[in-house]
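Chemist: Got a structure for you, written out below as structure tokens; questions coming shortly.
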Amino acid sequence: MTRPDDLPGGRAANPDGPAVSPRAPTPLGGRGLCSNGRTPTRRQPGGCIPSSDGHVTCSGGRLSRSDGHVPSSDGRISSSGVASQRPQACPAATCLLSGRELRQRCAFPAAGRAIPSVGVKIYSVFFKLFLRHRLQSLVATAAVGDLDNAAFGVSYRPDEATAPPNPAFSASTDGVASKDLHIDPNSSLSVRIFLPTPPLPSLYAPPRATPQIRASQRPHSTSPRARRCAILRFHGGGFVTGSNTARVYRRVAKLCDAIVIAVGYRFAPESRYPIAFEDGIKVLKWIAKQANLAKMTKVGGGVDTFGASTVEPWIATHGDPARCVLLGASCGANIADYVTRKVVEDGKPFDPVKVVAQVLMYPFFIGSVPTHSEIRLANSYFYDKSTCLLAWRLFLSEKEFNLDHPAANPLAPGRGGPPLKCMPPTLTVIAEHDWMRDRAIAYSEELRKVNVHSPVLDYKDTVHEFATLDVFLKTPQAHACAKDIAIWMKKYISLRGHEFSY
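Just so you know, we're using full-length UniProt numbering here: the sequence shown kicks off at 1 and counts up by one.
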């Protein structure tokens, strides 16, 4: 009779757990062995297999099984052993912030039906038909040159639903106020600012004695510790559609405790390349201008100095320009990367704004040589390759149309700009069923080769824009993605430095 100690991976490999079947595969070096003796596989709920390519794969679901395995901060895997009624956060961020280059393949049981489900597939068919019809109508309009307000530009489409601004905290159910600003009188460029509710004072704290201070001695803005970082957000939509009023911005502002400036850049074909990219630079310079005016503005003797009437109070009072993060989704990621390169190349026009990190969510990259994912997932959900090519033809003029254009392919030869080693830390989010995923991974790998911190979050059973489209906002994957981004972002926007153990 064979004892458990004689079995491979049994008591000798894991003295605290039961024997493991000799047919079970051993993880890399035995490091992935669970505390209960099980060997996690991809199909086992909660099983994770670490690797070393800096790639994180996560389903974004919730742990609800009693045998769910959760990766700890040291990269190992533990088992709760008891039933848990409270949903636990996705461990992708734990894998990210462990300081190691890991690849986690997690298969969590989702709280609801996993996407893409049958309903999502049917919705995707109608979504693509409607989007293709809209793009073809824009192509026909651009061909005959019948474009209204071509110089002024268009930052929203009349047939798209937009959420009204809500400048009052009391009327907001999620504790985030918002308001719209038209920052350029010569164009339709606008922004919507999202500000989370300030923390309420404790009801049991004794009131502090406040000394009497004259009006000339009162500071104009709050202390730096009370300020919030500024997140410059660029929405997706293939440069031809989209909105900066989506509900996802409120979630980002709440989770990150930051002031979010959502940019309403001008669309193509009314405003072709490089108008959308220049709008991103204009907004960042506008933020720098507000910060400089706030420094120069002093209240004394009841008379305001120059620029006091033009200062945006939310940014001047609550925003910290020294901690700015650029976040873009789909084509907005292309704009965020372009603006980041301009700041890295010459930061003086943007002073005192400092870009400390950027987040690229399923970037809208393409190239002349197709990748494996572009061939395998060319007819993927919601945004297939043929539809996206129509969007690129609307964005680039006929003379400039090239799939290796600097706006489309960040790794195209002869692109120019600053070297990649000067880029700030970059987080890349990709979806499993997205045909653009390979180019996003390749760009992140090139950044890692020059020692730029650039992890990748790969979510299972997800499609392009799974965390930003309103139809997906309530899915476990969307919730987990927003939390993972907030955890990673706080590493660079925290005033106390690296306050977590990474």
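Heads up, the beta-carbon is just placed ideally off N, CA and C, and yes, glycines get one too.
(1) What separation, rounded to the nearest whole angstrom, lies between the Cα atoms of A291 and H318?
(2) Smallest Cα separation from G328: which of E345, R376, Y265 and E374?
(3) Would the beta-carbon of L195 fall within 8 Å of that of A253?
(4) Can you round the beta-carbon distance between F183 and W314 to whole angstroms, since I take them to be within the 8 Å contact cut?
(5) To the nearest angstrom, report how far apart A391 and V139 are at their CA atoms.
(6) Run through DSSP, which three-state label would G332 get?
(7) Could you spell out the range, first to last residue, of the alpha helix (DSSP H) harbouring S190?
(8) How many angstroms separate the CA atom of R233 from the CA atom of A246?
(9) Starting from T428, follow its DSSP beta bridges and name the residues at the other end.
(10) Could you give the residue range of the alpha helix (DSSP H) that holds I275?
(11) Based on Cα-Cα distance, which residue from P274, I193, V125 and G236 lies nearest to L396?
(12) Can you find the residues in the same chain that come closer than 7 Å, C-beta to C-beta, to T162, ignoring five residues on each side of it along the sequence?
(13) If you pair each beta-carbon of the stretch 433 to 442 with each one of the stretch 344 to 353, do three or more pairs fall below 8 Å?
(14) Rounded to whole angstroms, what's the CA-CA distance from P185 to I375? Just pull it up for me.
(15) Whose CA, out of D279, Q136, L255 and A230, lies closest to the CA of S187?
(16) My assumption, with CB atoms under 8 Å, is that F364 sits in contact with N409. Please give the rounded CB distance.
(17) Does the separation of the CB atoms of I430 and V325 fall below 8 Å?
(18) Which residue's Cα is closest to the Cα of A268: K460, S117 and Q136?
(19) Ends of the alpha helix (DSSP H) at D438?
(20) So G228 packs on D257, CB below 8 Å; how close in whole Å?
(21) Looking only at its own chain, which residues have a Cβ that is under 6 Å from the Cβ of T241, when we skip the five neighbours before and after it?
(22) So the candidates are P406, S330 and K399; which of them puts its Cα closest to the Cα of H235?
(23) Answer yes or no: do S124 and Y338 have a C-beta to C-beta separation smaller than 8 Å?
(24) Helix, strand or coil, according to DSSP, for G145 in the structure here?
(25) For my contact list, L403 and G367 are in at a C-beta cut-off of 8 Å; report their separation, rounded to the angstrom.
(26) Indicate whether L284 and F239 have their beta-carbon atoms separated by less than 8 Å.
(27) Could you tell me which of H133, M296, L189 and A357 sits nearest to S386, measuring between CA atoms?
(28) Report, in whole angstroms, the separation of the C-beta atoms of A486 and L255, which I expect to be a contact under 8 Å.
(29) Would you list the residues sitting across from L326 in a DSSP beta bridge?
(30) Do P425 and V450 have their beta-carbon atoms positioned less than 8 Å apart in this structure?
(31) In chain order, what residues of the same chain have a beta carbon less than 7 Å from the beta carbon of L473, not counting five sequence neighbours either side?
(32) Take the Cβ of V353 as the centre, count every other Cβ of all protein chains shown within 10 Å, and call the residue buried at 16 or more, exposed below.
(33) Contact defined as beta carbons within less than 8 Å: I believe M489 pairs with V369. What is the distance between those atoms, to the nearest angstrom?
(34) Could you check what DSSP says for D174 in three-state terms: helix, strand or coil?
(35) Grab me the residues of K491's own chain with a C-beta within less than 6 Å of its C-beta, minus the 5 sequence neighbours each way, in chain order.
(36) What number of angstroms, rounded off, separates the C-alpha of E432 from the C-alpha of D461?
Modeler: Based on what the coordinates show:
(1) 11 Å
(2) Y265
(3) yes
(4) Note on residue identity: the sequence assigns Ile, not Phe, to residue 183. The pair is not a contact, with the Cβ atoms about 13 Å apart (cut-off 8 Å).
(5) 9 Å
(6) helix
(7) First-last for S190: S190 to P196, but that is the beta strand (DSSP E), not the alpha helix (DSSP H).
(8) 11 Å
(9) L360 and V456
(10) I275 to M296
(11) P274
(12) Y156, S243 and T245
(13) no
(14) 44 Å
(15) D279
(16) Incorrect: roughly 11 Å between the Cβ atoms, too far for contact.
(17) no
(18) Q136
(19) R437 to K449
(20) With the sequence shown as reference, residue 228 is identified as Arg, and Gly is not the correct amino acid for it. Their Cβ separation, rounded to whole angstroms, is 6 Å, which keeps R228 and D257 in contact under 8 Å.
(21) R157
(22) S330
(23) no
(24) coil
(25) 6 Å
(26) no
(27) H133
(28) 4 Å
(29) L232 and Q358
(30) no
(31) R247 and V248
(32) buried
(33) Wrong, their Cβ atoms sit about 33 Å apart, outside the cutoff.
(34) coil
(35) none
(36) 6 Å
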